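What follows is a short report on a single structure.
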Amino acid sequence: MVYEVKINRQGQTTIPKPLREKYAIDEGDKIIYVDLGDHIAILPVPKHPIKVLEGLKIEAKEPTYEMKREAFKTAQRLIGQLPTAEACGLVWES
Numbered sequence: 112m113v114y115e116v117k118i119n120r121q122g123q124t125t126i127p128k129p130l131r132e133k134y135a136i137d138e139g140d141k142i143i144y145v146d147l148g149d150h151i152a153i154l155p156v157p158k159h160p161i162k163v164l165e166g167l168k169i170e171a172k173e174p175t176y177e178m179k180r181e182a183f184k185t186a187q188r189l190i191g192q193l194p195t196a197e198a199c200g201l202v203w204e205s
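To convert a position in the sequence shown, counted from 1, into the working numbering, add 111.
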């Protein structure tokens, strides 16, 4: 489905209601704008990012230290509201 919307003077737009409903985007939720070079992708920020990360399929029998570290760093960067690793009791050695 394609939706055409206008940008107002403040550079704001409204996400069409069918898309808000389909992707469960509510007032106060965050979205991410991704510059893909020749177009923009708009992605809803998961409401429960840890559950999303837990659902990733990993080929290793157990996630490696590096996998866990990168997953946590990615979640922190995307969400910006997660507590620090140290606050969760995790300490990364350099």
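Don't be surprised by glycine CBs; every beta carbon is placed ideally from N, CA and C.
Keep in mind that this is a model prediction, so the values were computed, not measured.
- According to the DSSP assignment, leucine 147 belongs to no alpha helix (DSSP H), since it is labelled neither H nor E.
- Here the alpha carbons of lysine 117 and isoleucine 151 stand approximately 15 Å from one another.
- Aspartate 140 sits close to valine 156, with the two beta carbons spaced by under 8 Å.
- Secondary structure note for lysine 117: it is in no alpha helix (DSSP H), with a DSSP letter that is neither H nor E.
- Rounded to the nearest whole angstrom, the C-alpha separation of lysine 158 and alanine 186 is 12 Å.
- For the 8 Å CB-CB criterion, isoleucine 136 and leucine 154 do not form a contact.
- DSSP, reduced to helix, strand and coil, places proline 157 outside both helices and strands of the structure shown, so it counts as coil.
- For lysine 141, the secondary structure class from DSSP, reduced to helix, strand or coil, is coil.
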